[in-house]
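Worksheet: the structure to be examined is printed underneath.
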Ligand SMILES: [Zn+2]
Ligand SMILES: [Zn+2]
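Residue numbers (my numbering): 1484 to 1842.
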């Protein structure tokens, strides 16, 4: 099969289109013919070497996968060839540890992330994933949209519903609101009945953010403290919850934007920087830092129900053929993608010029 393989970290030139062995179905595997794979910031951090923990090269990038099952291992139950499926961000969890049994399988110590560890990723025509990490895609949801559901929506569902426990009427600040996780955070916070404030440095995305569920949009220059605007929208109190898709680059303005008893949900970290931090600044206000990583299979199934009911809409900007994966990364890095770009690995021989989707 054709795949994008990275042998050592670097710029987009380290992404090579290669021919590698087709995956075969081990005992617990489903082999998926990949229809679409989302391009996540995580992929860029693996490719350029910013992320080192849990990475083993050479690797095939990509953990946001949807497609059609073409083969199943002998221990697989609930999945058959021809089924339309999407993956969580992993290809292996143990299934028996306290995290797996407690519906926290993203924290399983034996987990293997897709796209980081060896030649198992979605920038490929086929991928083998153990069936614990796969969910059925309902007939009403197309596979391109389904591919990004786990990472952009499942992770946020995990954050706002299960970890952050956002309640009706609470004020929620979404940082990095124009990004993939950001736009879907707006939708979910709105669906839960929150008063939603979006933060962005991209003025051209403000209208879309409102359409996605933001009640207010704060546009500011890079490096500018936006907390006074958050306070102005919340009667001077600040927000009850921050959905933090950015991390340390916005640490101080976010800290100043948080209300007494606020919950700060750490989800994203866009660079490798650190911040000086005095814990008393948080605990004297009864504030909490909470965190989530990725998505459980149950959360992914819940996301598909919400998409089917029209409560959530996956935002896919553009599709790229497999041999245009470098261009996809360049577009994401330049901030020219709204929502998500996806790679369609079985369009390997199509023109390299990306075309805007009809949707
Ligand atoms: Zn992702
Ligand atoms: Zn486990």
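Positions of the beta carbon are idealized from the N, C-alpha and C atoms, including for glycine.
| Query | Result |
| --- | --- |
| Ligand 1 heavy atoms versus the CB of residue 1547: any closer than 6 angstroms? | yes |
| Taking 6 angstroms as the cut-off, is the beta-carbon of residue 1426 closer than that to any non-hydrogen atom of ligand 2? | No answer is possible for residue 1426: it lies beyond the span of the chain, which begins at 1484 and ends at 1842. |
| Relative to the C-alpha of residue 1755, which candidate in 1777, 1707, 1534 has its C-alpha closest? | 1534 |
| What is the rounded straight-line gap between the Cα of residue 1434 and the Cα of residue 1740? | For the chain, the structure presents residues 1484 to 1842; residue 1434 sits outside this window and is missing. |
| Within 10 angstroms of its Cβ, does residue 1742 collect 16 or more other Cβ (buried), or is it exposed? | buried |
| What do you reckon, is the C-beta of residue 1634 under 6 angstroms from a heavy atom of ligand 1? | yes |
| Do the segment 1515-1534 and the segment 1809-1829 make contact, defined as three or more Cβ pairs closer than 8 angstroms? | yes |
| Can you tell which of 1578, 1698, 1662 has its C-alpha closest to the C-alpha of residue 1797? | 1662 |
| Going by other Cβ atoms of all chains shown within 10 Å of its Cβ, with 16 needed for buried, is residue 1547 buried or exposed? | buried |
| Are the CB atoms of residue 1545 and residue 1515 within a distance shorter than 7 angstroms? | no |
| In the structure shown, what three-state DSSP assignment does residue 1632 receive? | helix |
| Confirm the yes/no value for this check: CB of residue 1582, any heavy atom of ligand 2, distance under 6 angstroms. | yes |
| When you compare the CB positions of residue 1589 and residue 1777, do they come within less than 7 angstroms of one another, or not? | yes |
| Quick check on the burial criterion: 16 or more other C-beta atoms within 10 angstroms. Buried or exposed for residue 1751? | buried |
| Does the separation of the CB atoms of residue 1634 and residue 1542 fall below 7 angstroms? | no |
| Considering only residues of the same chain and omitting the five flanking positions on each side of residue 1830, which have a CB-CB separation below 6 angstroms? | 1804 |
| Taking a contact to mean a Cβ-Cβ separation below 7 angstroms, would you say residue 1573 touches residue 1616 in this structure? | yes |
| Sorted by chain position, which residues of the same chain lie with C-beta nearer than 8 angstroms to residue 1669's C-beta, five sequence neighbours on each side aside? | 1657, 1660, 1679, 1681, 1692, 1695, 1696, 1697 |
| Is the Cβ-Cβ distance between residue 1608 and residue 1768 less than 7 angstroms? | no |
| Just curious, the alpha helix (DSSP H) that residue 1713 is in, first and last residue? | 1710-1716 |
| Distance, Cα to Cα, residue 1687 vs residue 1819? | 11 angstroms |
| Going by DSSP, what residue range makes up the beta strand (DSSP E) through residue 1693? | Careful: residue 1693 lies outside any beta strand (DSSP E), inside the alpha helix (DSSP H) at 1689-1694. |
| Between which two residues does the alpha helix (DSSP H) holding residue 1526 run? | 1524-1530 |
| Given a cut-off of 7 angstroms on the beta-carbon distance, is the pair residue 1724 and residue 1653 in contact? | yes |
| The alpha helix (DSSP H) with residue 1815 in it runs from where to where? | 1808-1816 |
| Buried or exposed: which applies to residue 1487, given that a residue is buried once 16 or more other Cβ atoms fall within 10 Å of its Cβ? | buried |
| Can you give the Cα-Cα distance for residue 1835 and residue 1811, rounded to whole angstroms? | In this prediction, residue 1835 scores a pLDDT of 45, lower than 50, which makes its location untrustworthy; the coordinate-derived value is nonetheless stated afterwards. Taking the straight line joining both Cα atoms gives about 10 angstroms. |
| Consult DSSP for residue 1592 and reduce its assignment to one of helix, strand or coil. | coil |
| For the segment 1615-1631 against the segment 1776-1796, do three or more pairs of beta-carbon atoms, one drawn from each stretch, fall closer than 8 angstroms, so that the two count as touching? | yes |
| How many Å lie between residue 1611 and residue 1746 at the Cα? | 38 angstroms |
| Return the chain-ordered ranges of every beta strand (DSSP E) run that is complete within the segment 1630-1682 and spans a minimum of 3 residues. | 1654-1657 |
| Give the DSSP-derived three-state secondary structure of residue 1542 in the structure shown. | strand |
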